[in-house]
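So the sequence lines, in the order shown, correspond to chains A and B. Note that my numbering gives residue 116 to position 128 of the first sequence, counting from 1, and the numbers run on in steps of one. Note that my numbering gives residue 276 to position 288 of the second sequence, counting from 1, and the numbers run on in steps of one. For every residue, glycine included, the Cβ atom is placed at its ideal position computed from N, Cα and C.
Protein chains: 2
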Amino acid sequence: MSEYSAQKLYDDLVKHRHIIPVGVQGIFGRGPVFENVLRAFDDLVSRVAADDGAEKMMFPPTLDRKVFEKSEFLDSFPQLAGAVFSFYGNEGQHAQLRERVHAGERWDDLQKMTDVVLTPAACYPAYPSFTGIVPPKGRMVDMQNWVFRHEPSPEPTRMQAFRVREFIRVGTGDVVVEWRDMWLKRGLDILTGLGMPAKSDVANAPFFGRGGRMLGADQREQKLKFEVLIPVISEENPTAVCSFNYHHEHFGQIFDIKTEDGSIAQTACLGFGMERVVMALFKTHGMDPGSWPKTVRDKLWP
Amino acid sequence: MSEYSAQKLYDDLVKHRHIIPVGVQGIFGRGPVFENVLRAFDDLVSRVAADDGAEKMMFPPTLDRKVFEKSEFLDSFPQLAGAVFSFYGNEGQHAQLRERVHAGERWDDLQKMTDVVLTPAACYPAYPSFTGIVPPKGRMVDMQNWVFRHEPSPEPTRMQAFRVREFIRVGTGDVVVEWRDMWLKRGLDILTGLGMPAKSDVANAPFFGRGGRMLGADQREQKLKFEVLIPVISEENPTAVCSFNYHHEHFGQIFDIKTEDGSIAQTACLGFGMERVVMALFKTHGMDPGSWPKTVRDKLWP
């Protein structure tokens, strides 16, 4: 019998008021201790990355639909995206809407698509702001954004809404690869330094459909995606708490980002799934941060 | 000629990289100095409210659709709400979706309503967790959540996505009214203490339609809504940066919240529009916090 269980972790988190159920899977409130740990981890990452000189940005949970359409996210992950619909009707239609909602009937046909979607990946809102020629040493951005994924699940680690601390690198291939290698080591060091059995591995994204499975195999082969994994709800299938994606010229092409010599800039991003890191800490060290090992506490609350 | 102008403030904020345009109105990134001021104000509010003993909670930008439907938000503000739609199709429909998006054609009919909506007001996710009998002294909650309002506008102060630092009080009428009076003074004190010409006033919400205007007049008469206002983009129409709403038994009834004697609990909430407070500070004291008056800086960064 494995000591890992999605249900047990969920129940423990609820019992200690680290998470507060709201009704729908993958959407829950966060309690004070959960938020305290999350902020401490966020600050730890800031201290580690303090000398990198990254530009700080922060984007809302909603994104320009046009940027989203350009990004080609729907080609790969149509099932995960969320589009925002609103009511554009008159008073008569409003009466209809009210009646339907109060009667518990469907009201989806009284909603129309707006110009915004939910942010599907923490880095997407930033790319349009890179359009043009990047400086010789490239650009580096540091953000913490809310991300939406339409994948309701009873696993506490698989959320519809979560925060990602995300770094983006833009520049020549050399610049991007060097940065990747630095962060892969650093990401692993941060997590093992907190006493967690973290391991990195080549990975592939959950591309949609049969063609998607081929895309995934391709991605693995080209080593475009790395993850840092920690057992949280399963020992056999550890949870990705840190994810690195190398986009090559994908976003440079789409958003017309160039290097000084006129070629298309490359991009890569690295993100920590903040809620997953916090859950991994609770799973590894127990539900009360007061009883965590001193070395871990000292790193989080120096 | 007034020195107040929505366009000038927007341009100044962009020029100083305090906000980063993304493409659609009311959605923009926040730069490092903007976020730094926002966090400092958030911490100031935490220090002022430290001894209240409020329970800390935090909710994602998306909410259970059932909670939203119960809340009756659509009765009053159908035009401001945002429902999340996703793709539920097969591979054939995915091929269609891809073609349409790449051809710049509509794809709204390939989306279906999900079980989540965007959080329409910072306090809504918390009410279901109050169901039952509240303790004799009631409950008090402290949160910071992202809120969505479908009202694209060129005014920087009118956003589609923004953060609210929100306090909720639940209990008997006496408990709620005493708390309201305390916070109305305190909210005003915090903002005038930062050197801003803040004033409080009775207000009404932007209820939809003709019936809505009557509801608004009613709300004013019953003094259910107070706001703290600061001139930010107009002297004649100052911007609400802090808003108090007294719901009487509305949410108690809907979510079955009772006081010890078995009667329906009353609720009220008070929220600071965080981005609006930050913009009011920039407007009042200038675009560079380094040159703000020492008294203001000392309060924000003690």
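At what residues does the alpha helix (DSSP H) containing Val12/B begin and finish?
Segment: none, Val12/B is in no alpha helix (DSSP H) and carries neither H nor E.
Just the Cα atoms here: how many angstroms apart are Ile252/A and Ser231/A?
Straight through space, the alpha carbons of Ser231/A and Ile252/A are spaced by roughly 24 Å.
With distances taken between CB atoms, is the gap from Met184/B to Thr272/B smaller than 8 Å?
Closer than 8 Å, so yes.
Using the C-alpha atoms, what's the distance from Trp289/A back to Lys282/A?
The alpha-carbon atoms of Lys282/A and Trp289/A are separated by roughly 10 Å.
Partner residues on chain A for Lys100/B, Cβ-Cβ distance less than 9 Å:
Under the 9 Å cutoff, chain A gives Asp96.
Let me check one thing: in DSSP terms, what residues is Leu217/B bridge-paired to?
BP columns for Leu217/B point to Lys187/B, Ala228/B.
Please determine, among Asn225/A, Ile221/A, Leu26/A, Leu258/A, the residue with the shortest C-alpha to C-alpha distance to Phe214/A.
Looking at the Cα atoms, Leu258/A is the closest of the given residues.
For the stretch 118 to 138 of chain B against the stretch 64 to 78 of chain B, do three or more pairs of beta-carbon atoms, one drawn from each stretch, fall closer than 8 Å, so that the two count as touching?
Result yes; three or more Cβ-Cβ pairs closer than 8 Å.
Compute the Euclidean distance between the alpha carbons of Tyr234/A and Val158/A, then round it to the nearest angstrom.
Their Cα atoms are separated by approximately 10 Å.
Strictly under 8 Å for the Cβ-Cβ distance: is Ile7/B near chain A by that measure?
Taking CB atoms only, Ile7/B has no neighbour in chain A less than 8 Å away.
Quick one: does Arg127/A have its CB under 8 Å from some CB of chain B?
Not an interface residue.
Using 8 Å as the limit for Cβ to Cβ distance, is Glu57/A near chain B?
Chain B contact via Cβ: present.
Do you know whose CA, among Asn78/A, Lys58/A, Ile121/A, Arg53/A, lies nearest Asp96/B's CA?
Nearest of Asn78/A, Lys58/A, Ile121/A, Arg53/A to Asp96/B, Cα basis: Arg53/A.
Any C-beta of chain A under 8 Å from that of Ile15/B:
Look at Ile15/B: its C-beta is under 8 Å from a C-beta on chain A.
Would you say Ser292/B reaches chain A, if we count a Cβ-Cβ gap shorter than 8 Å as a contact?
Limits of chain B in this structure are -11 at one end and 290 at the other, which puts residue 292/B out of reach.
List, in order along the chain, the chain A residues whose C-beta lies closer than 7 Å to that of Thr50/B?
Correct list: Ile15, Phe136, Gln148, Ala149.
Hey, which unbroken runs of the alpha helix (DSSP H) at 4 residues or more fall wholly within the stretch 259 to 284 of chain B?
Correct list: 262 to 273.
Please report the distance separating the alpha-carbon of Asn24/B from that of Ile245/A.
Going by the C-alpha atoms only, they are around 28 Å apart.
Any beta-carbon of chain D closer than 8 Å to the one on Leu85/B?
No chain D appears in the structure shown, which is made up of the protein chains A and B.
Would you say the stretch 115 to 127 of chain B touches the stretch 150 to 164 of chain B, given that touching needs at least three Cβ pairs under 8 Å?
Cβ pair count under 8 Å is three or more, so yes.
Beta-ladder partner(s) of Trp134/B, from DSSP:
Under DSSP, Trp134/B shares a beta bridge with Arg151/B.
What are the residues of the stretch 228 to 248 of chain B that lie near chain A, defined by any Cβ-Cβ distance shorter than 9 Å?
Look at the stretch 228 to 248 of chain B: it has no residue with a C-beta under 9 Å from a C-beta of chain A.
If distances are taken between C-alpha atoms only, which option among Met275/A, Ala149/A, Glu57/A, Arg285/A comes closest to Lys3/A?
For the residues Met275/A, Ala149/A, Glu57/A, Arg285/A, the minimum Cα distance to Lys3/A belongs to Met275/A.
DSSP three-state label for Asn233/B, please.
For Asn233/B, the three-state secondary structure derived from DSSP is strand.
Just how far apart, CA to CA, sit Ser64/B and Phe195/B?
Rounded to whole angstroms, Ser64/B to Phe195/B spans 5 Å at the Cα level.
Taking the alpha-carbon of Ala83/A as reference, which of Phe270/B, Glu60/B, Phe239/B, Gln148/B has the nearest alpha-carbon?
Distance from the Cα of Ala83/A is smallest, within the candidate group Phe270/B, Glu60/B, Phe239/B, Gln148/B, for Glu60/B.
Cross-chain neighbours of Ala38/B in chain A, by beta carbon under 7 Å
Within 7 Å of the CB of Ala38/B, no CB atom of chain A is found; the nearest one sits about 13 Å away.
Run of the beta strand (DSSP E) containing Phe73/A, from where it starts to where it stops
Counting along the chain, the unbroken beta strand (DSSP E) around Phe73/A starts and ends at 71 to 74.
8 Å contact criterion, which Leu212/A and Lys187/A should meet: CB distance rounded:
With a beta-carbon spacing of about 19 Å, Leu212/A and Lys187/A fall beyond the 8 Å limit used to define contacts.
Is Glu23/A close to chain B, meaning its C-beta is less than 8 Å from at least one C-beta of that chain?
Yes, its Cβ sits closer than 8 Å to a Cβ of chain B.
At the level of alpha carbons, what is the spacing between Ile8/A and Leu85/A?
The alpha-carbon of Ile8/A is positioned some 30 Å away from that of Leu85/A.
Report yes or no: do three or more beta-carbon pairs, one from the stretch 166 to 180 of chain B and one from the stretch 145 to 152 of chain B, lie closer than 8 Å?
With contact defined as three or more Cβ pairs closer than 8 Å, the stretch 166 to 180 of chain B and the stretch 145 to 152 of chain B are not in contact.
Apply the 10 Å Cβ neighbour rule to Gln210/B and answer buried if 16 or more other Cβ atoms are within range, or exposed otherwise.
Exposed, by the Cβ-count rule.
Near Glu43/B, what residues of its chain come up, given a Cβ to Cβ distance below 6 Å and the 5 sequence neighbours on each side ignored?
Cβ within range, chain order: Val129.
I'd like the ranges of any beta strand (DSSP E) spanning at least 3 consecutive residues and lying wholly in the stretch 59 to 126 of chain B.
As far as the stretch 59 to 126 of chain B is concerned, its whole beta strand (DSSP E) runs of at least 3 residues are 71 to 74, 100 to 106.
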